[in-house]
Amino acid sequence: MMKVFIGQDNIITPLGFSTKENLDNILNGETGIRTCTNTPLSSKPFPASLIDNTEINERFQALGDIQKYTRFEKLSILSIENALKNSTIPLSDPRTLFILSTTKGNIELLDDDLREDFSKERLNLYTTAKIISEFFSLYNTPMIISNACISGIAAIILGQRLISQGLYDNVIVNGTDVLSRFVVSGFQSFLSLSASPCKPFDANRDGLTLGEGSATIILTKDKSSIEIVNGATSNDANHISGPSTTGEGLFIAINNATKNYKNIDLISAHGTATLYNDDMESKAISRAGLESVPTNSLKGYFGHTLGAAGIIESLINLESLKKNILINTIGCTTPGTVENINIIQEKKDQQLNCLLKLASGFGGCNAAALFLKHE
Amino acid sequence: MNKLYINKHVKLLNNTVYIDQEKKFSVESDENFSSFAKSVYKNYEIKYSKFYKMDALCKLGFLSADLLLRDLNRENILPEEIAIITANSSSSLHTDKNYQKTLSEIPSPAVFVYTLPNIVSGEISIKNNIKGESLFFIQDKFDTKFISEYVKYLFENTNTKLCITGWIEINMNEDYQTDLYLISKNEGSLEFIETNLNVTYNHE
Amino acid sequence: MNELIEKLKTQLIEQLNLEDIEPDEIVANEALFGDGLCLDSIDALEIIVLLEKEYNIKIGNPKEGKEIMYSIESLAKFITENKGK
């Protein structure tokens, strides 16, 4: 089995159009969450992390016709293009694969009023993935994972498994989700959105904040300083929208992902800031004996970016690993979950070598991925 | 590495239930999907009140999995050793269309919860107490080569001892099809190889 | 009030897709979220939708809803006290 490493990457959120920009802003304590008023997304103002559309189009103009691609596609292409900039991986090659992670793709096209010039065919995720893939003249049919909020991590785990078996040399994983009235109204109907920017793991947390983003991570057999060691997915077998109160599924995923590794230095939690999710995660982390491992949630910086979340948050915490800096959980003033875990509340320099990334999603799905830094 | 076998195959297509390629139950071809699903539920005497809350995609997957797992001896298998690896081409668009309609009145949370394709794996997991590896793929056509290789990977490299895998699809026009396979090392007449995964399409 | 209770039973069955349950199977003062009907958190949200759609009453906080939705009886009482306010 081949070892798998992390190559180039990119993040696009309101905090920037590159990983570096996003990281710099985070280290400066900036958040992408703003109060959004006067948008077609919602009749009432609500906090969200939205990417400026004008900037998307301005940047995309250098790459292609802004009218020919949907907002979702433009973001995905911009992210992949930026990640590939300093990469030498052969694109039109059978040993290169593209995996797209998304929950809803071009779902706003269901709204006849907003649909503009795109046919309903674009609603099919395999169509939109093909369009993105063709932009880069990629050889293989893209793979698409649509598995709720674990999609990003699941895509990374899948890429690692495929390279480790020798089926591919390079896997381009892109996770993208944009906000739409469809998605925002749905979360509003769940009464799961906080009226203010989310407070992950805080004792007074009262709901999540939505965000949009696109992130790309290139997995490769070529050695680099970060190795993606292992990963696992699982199910709670409890409820389709409420997480297990015992953290059962996530606990199973953590155990299977971490197997022989005892020295985990950092946990990047899912930390959506809903009452139930953060409690569940604290339970699972505690059951796994990891309650003293420094743990953060980045959702206070980006909001919950759904299909992009696993990738954005992995990349930022991998930067943590590279720079030996713990990033604090913005929005968390006083940690308060059913189990006590070690929530990072202040930036701190610390030697870090091993990252565990967690995710959970609707349907009771869970994922965990383990990354190791090689000096 | 031991060989893997297809221990059972359930197909739902054209208002008919096929088990191991044999026609077992059907209703009139002009009945709609909802009516067909209810008929299958009643015919096989399934008792699960949550069934009626499910969307079409989940009903399809739930019924297929129920028939697939009947009479299965699960004694030596833990819930986390059972994997669900499934795919379709339309994601949850059938339900997405229904949810979009509720936006003109009051958005329905009970419909919104089903606007993700992997919820079907969730429903199968809950009813059958399955906690193992799980992934939902979107593919234009069922990628038998990839799926057979990936499932093999799970048996070889994770603690997977049993796998439910296949195609669970319903599109916005309500054309539907499932082909669900039960895979394990228990020897059977049908080896788990690409060519034995015969998913045909009714809308080609 | 009894009329409202009977009406609510039918409305609940429809709104929550309780297809295999007859109105006379629902006991008015029995816990809706207990062992009887086994309603869950999504059902609670749909009852909130029902209250808005049929009775013009808005509940913004799910915690508020818990007491109100204890039983059909408590729901009927709440509606009678708050209808169209």
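Respectively, the protein sequence lines represent chains A, B and C.
First residue of the first sequence: 113, per my numbering; consecutive thereafter.
First residue of the second sequence: 3, per my numbering; consecutive thereafter.
First residue of the third sequence: 886, per my numbering; consecutive thereafter.
Even for Gly, the Cβ is constructed at its ideal location relative to N, Cα and C.
Here the structure is a predicted model, which means the values were calculated and not measured.
Quick one: using the 10 Å Cβ neighbour count with 16 as the cut-off for buried, is residue 335(A) buried or exposed?
When all chains shown are included, residue 335(A) counts as exposed.
Would you kindly work out how many angstroms separate the C-alpha atoms of residue 169(B) and residue 310(A), rounded to a whole number?
So the alpha carbons of these two residues sit roughly 38 Å apart.
Using a Cβ-Cβ cut-off of 8 Å (strictly less than) and excluding sequence neighbours within five positions of residue 176(B), which residues of its own chain qualify?
Cβ-Cβ distances below 8 Å link residue 176(B) to 34, 35, 58, 96 in the same chain, with the five nearest sequence neighbours on each side left out; the list follows chain order.
If I measure Cβ to Cβ from residue 963(C) and keep anything under 6 Å in the same chain, skipping five residues before and after, which residues do I get?
A distance below 6 Å between beta-carbons, with the five flanking residues on each side excluded, links residue 963(C) to the following residues of its chain, in chain order: 953.
Strictly by DSSP, which residues pair up with residue 186(B)?
Beta-bridge pairing by DSSP links residue 186(B) to 7(B), 164(B).
C-beta atoms of residue 199(A) and residue 272(A) nearer than 8 Å:
No.
Buried or exposed, going by whether 16 or more other CB atoms sit within 10 Å of the CB of residue 11(B)?
Residue 11(B) should be labelled buried.
Alpha carbon to alpha carbon, how far is residue 21(B) from residue 7(B)? Give it in angstroms, no decimals.
Spanning the two alpha carbons is a distance of roughly 16 Å.
Whose CA, out of 356(A), 328(A), 217(A), lies closest to the CA of residue 427(A)?
From the listed residues 356(A), 328(A), 217(A), the smallest Cα separation to residue 427(A) is found for 328(A).
Applying a beta-carbon distance threshold of less than 9 Å, which residues of chain B neighbour residue 938(C)?
Within 9 Å Cβ-Cβ: 107, 108.
In whole angstroms, what is the alpha-carbon distance linking residue 122(A) and residue 939(C)?
C-alpha separation (whole angstroms): 49 Å.
Chain C contact for residue 101(B) (CB, 8 Å cutoff)
It does not: the Cβ of residue 101(B) has no partner Cβ on chain C nearer than 8 Å.
Three-state secondary structure assigned by DSSP to residue 950(C)
Helix, per DSSP.
Could you give the residue range of the alpha helix (DSSP H) that holds residue 187(A)?
For residue 187(A), the uninterrupted alpha helix (DSSP H) segment begins and ends at 183-197.
Please report how far the alpha carbon of residue 204(B) lies from the alpha carbon of residue 960(C), in whole angstroms.
Bear in mind that the predicted position of residue 204(B) carries a pLDDT of just 48, short of 50, making it too unreliable to give a figure here.
Can you tell which of 113(B), 110(B), 157(B), 106(B) has the C-alpha that lies nearest to the C-alpha of residue 223(A)?
Among 113(B), 110(B), 157(B), 106(B), the Cα nearest to that of residue 223(A) belongs to 106(B).
At least one CB of chain C closer than 8 Å to the CB of residue 176(A): is that the case?
Answer no: the Cβ-Cβ gap between residue 176(A) and chain C never drops below 8 Å.
Are the segment 392-399 of chain A and the segment 348-367 of chain A in contact at 8 Å, needing three or more beta carbon pairs?
Yes, the segment 392-399 of chain A is in contact with the segment 348-367 of chain A.
For residue 323(A), count neighbouring Cβ atoms within 10 angstroms of its own Cβ and tell me buried if that reaches 16, exposed if not.
A residue is called buried when at least 16 other Cβ atoms come within 10 angstroms of its Cβ; residue 323(A) meets this threshold and is buried.
Which residues of the segment 920-939 of chain C have a Cβ closer than 8 Å to any Cβ of chain A? Give them in chain order.
Contacts with chain A (Cβ-Cβ distance below 8 Å) from the segment 920-939 of chain C involve 925, 926, 927, 930, 933, 934, listed in chain order.
Note down the Cα distance separating residue 206(B) from residue 18(B), rounded to an integer number of angstroms.
Caution is warranted here: a pLDDT of 34 is assigned to residue 206(B), below 50, making its placement in the model unreliable, and no coordinate value can be reported.
Residues that residue 354(A) contacts on chain C, provided the C-beta gap is smaller than 7 Å:
Simply 926.
List the endpoints of the continuous beta strand (DSSP E) containing residue 148(A).
Per DSSP, the unbroken beta strand (DSSP E) holding residue 148(A) starts and ends at 146-148.
Which listed residue (136(A), 263(A), 170(A)) has its alpha carbon closest to that of residue 345(A)
Looking only at 136(A), 263(A), 170(A), the smallest Cα-Cα distance to residue 345(A) is reached by 263(A).
For residue 251(A), which residues in the same chain have their Cβ closer than 8 Å to its Cβ, ignoring the five residues on either side in sequence?
Around residue 251(A): 203, 204, 205, 206, 208.
Opposite residue 12(B) in the DSSP bridges: which residues?
21(B), 182(B), per the DSSP bridge assignment.
Counting only beta-carbon atoms, is residue 260(A) nearer than 8 Å to chain B?
Closer than 8 Å: yes.
Contact check, residue 163(B) vs residue 186(B) under 8 Å by CB: the rounded distance?
Their Cβ separation, rounded to whole angstroms, is 7 Å, which keeps residue 163(B) and residue 186(B) in contact under 8 Å.
Give me the chain C residues within the contact set of residue 115(B), using Cβ-Cβ distance strictly less than 7 Å, ordered along the chain.
Simply 927.
Bridge-paired residues (DSSP) for residue 353(A):
In the DSSP secondary-structure assignment, residue 353(A) is not bridged to any residue.
Measure how close the beta-carbons of residue 257(A) and residue 211(A) come, nearest whole angstrom, since I'm counting them as under 8 Å.
Right, the Cβ-Cβ distance comes to about 7 Å (below 8 Å), so this counts as a contact.
Please return the same chain residues whose Cβ sits closer than 7 Å to the Cβ of residue 120(B), not counting the five positions on each side in sequence.
In the same chain as residue 120(B), and ignoring 5 residues on each side of it, the C-beta atoms closer than 7 Å to its own belong to 138, in chain order.
Between which two residues does the beta strand (DSSP E) containing residue 89(B) stretch?
Note, residue 89(B): beta strand (DSSP E), 84-90.
State the start and end residues of the unbroken alpha helix (DSSP H) segment that holds residue 392(A).
Boundaries of the alpha helix (DSSP H) around residue 392(A): 387-399.
Residues of chain B with CB under 8 Å from residue 902(C), in chain order?
Here the neighbours are 54, 55, 112.
Does any residue of chain C bring its CB to less than 8 Å from the CB of residue 51(B)?
With respect to chain C, the C-beta atom of residue 51(B) has a partner C-beta closer than 8 Å.
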